[in-house]
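Structure, as structure tokens:
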Amino acid sequence: MNDKIDILSLLPEEINVTPAYRQKQVFSWLGKHGVRSFSEMTNLSIQLRSELSERYSLDIPREMERQVSADGTQKILWRLRDGEQVETALMRYKHGWSACLSTQAGCRQGCAFCASGSHGFSRNLTAGEILRQVLYCGVEISRVVLMGTGEPLDNFDQTVRFLKLISHSEGRNLSPRHISLSTCGDVPGILRLAELGLSVTLSVSLHAPDDETRDRIMPVNRKYPISQLLDACGKYFTKTGRRISYEYVIIEGLNDSLGHARRLAALLKGHPAHVNVIPYNPVLGKPFSAPKPSVVDRFMDGLNGLQATVRRTLGKDIDAACGQLRSKRIC
Ligand code: SAH
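Numbering (my numbering), first residue to last: 441 to 771.
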């Protein structure tokens, strides 16, 4: 391990070169053009390139595995400089490619149905490590969702730094409107994010319309119950004007009844919300199953006019559910 500073985690004004316009040049070589070495920065003198490489590190994560699904979805397993492994999913939509990024190696939230935390928590990713998943994935990314392994708000500072890096006009220049951040319901994190006014779409993993059901599958709910969570979401909307997207993973026999659907509709009535209903993607070794299609239909009918869509499952023939590829390699 070397102790040089990782240049991909830095904003232009933090890069130590003069004159100032050089900072932007270096930053755009990295963020906009995605160069893999200082030697590719051809409008800088050889002397400056060598100074940069002495001062900063720019290592490229190793692609250990890439699965490609029949529907075009891809999943990449990366090896980071300390040997940690993280995964990224790439989904192709009409508007272009969307990247689902990891923010932590492992996860400490312990949601009962999710593969991400099965092997515990290793460490936070740096902003540069989150950014690398976009820069070196091999396709042009037009949308980013922070919905891979990890809880982004549990790695608040690096996640926010990543948001600033990827949306910077001299770099990828990705509009915050094309970025979604998914949280299990870290209330203080949501409130902090609201204060920053970055106006990314907030996606909240709700998965249950009442505390009793949510307590059974999501430990975070014992700390921040649904009423507190919705309150924080309301504040996020007030600050940013961005409608909240709620995720509801339907698990057979757990949260899939008509009663659950009706309670969800009542809970979100009057909230500026969109609900994404997602049939559970089974995880090996977890005692949960996907609902039958007829149960999903019944659930949707029970939502009583609430704005909701069933998310089509992409990458069915690869290890598409969160954390599965990484999990398989660690076993
Ligand atoms: N920690 C964040 C982001 C990571 S999980 C969060 O909790 O939102 C991304 C989404 O996938 C969450 O909504 C999560 O609950 C859901 N998810 C996890 N495992 C799943 C599975 N096996 N099938 C379907 N969705 C799953």
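Don't be surprised by glycine CBs; every beta carbon is placed ideally from N, CA and C.
DSSP places residue 503 in the strand class (E or B) of the three-state scheme. For residue 755, the distance from the CB to the nearest heavy atom of ligand 1 is not below 7 angstroms.
The region 521–553 contains, as complete beta strand (DSSP E) runs of 3+ residues, the segments 525–533, 536–540 and 544–546 (chain order). Under a 10 Å Cβ-count criterion, residue 612 is classified as buried, with 16 or more other Cβ atoms of the shown protein chains found around its own Cβ.
At a Cβ-Cβ threshold of 8 angstroms, residue 717 and residue 738 do not count as neighbours. Burial check for residue 500: the Cβ neighbour count within 10 Å stays below 16, so the residue is exposed. Non-local beta-carbon contacts of residue 600 in its own chain, meaning distances under 7 angstroms to residues more than five positions away in sequence, involve 636 in chain order.
The beta strand (DSSP E) runs lying completely inside the region 695–738 and spanning 3 residues or more are 713–719, given in chain order. Ranked by how close their Cα comes to the Cα of residue 521, the residues 565, 742, 663 and 560 have 565 in first place.
Of the residues 534, 605, 624 and 527, the one whose Cα lies closest to the Cα of residue 687 is 624. Take residue 506, set aside five residues on each side of it, and the residues of its chain with a beta-carbon closer than 8 angstroms to its own are 514, 515, 516 and 517, in chain order.
Put simply, of 445, 554 and 527 the residue whose alpha carbon is nearest the alpha carbon of residue 544 is 527. In this structure, the straight-line span from the alpha carbon of residue 617 to that of residue 629 is close to 19 angstroms. For the 8 angstroms CB-CB criterion, residue 535 and residue 607 do not form a contact. Residue environment analysis places residue 593 among the buried positions, since at least 16 neighbouring C-beta atoms fall within 10 angstroms of its C-beta. The three-state reading of DSSP puts residue 620 in strand, counting E and B together. Here the distance from the Cβ of residue 527 to the nearest heavy atom of ligand 1 is not below 7 angstroms. Per the coordinates, the alpha-carbon of residue 720 lies some 11 angstroms from the alpha-carbon of residue 696. Between the region 668–682 and the region 637–653, the count of C-beta pairs closer than 8 angstroms reaches three or more; the two stretches touch. The C-alpha of residue 589 lies about 15 angstroms from the C-alpha of residue 598.
In the three-state DSSP reduction, residue 646 falls in the coil class, being neither helix nor strand. Placement of the Cβ of residue 699 at a distance of 7 angstroms or more from every heavy atom of ligand 1 is found. With a cutoff of 7 angstroms, residue 475 does not count as near ligand 1, since its C-beta is closer than that to no heavy atom of the ligand. Within the same chain, Cβ atoms closer than 6 angstroms to the Cβ of residue 563 are found at 545, the five residues on either side in sequence being excluded.
Distance from the CA atom of residue 496 to the CA atom of residue 446, rounded to whole angstroms, is 6 angstroms. In the three-state scheme derived from DSSP, where H, G and I count as helix and E and B as strand, residue 747 is classed as coil.
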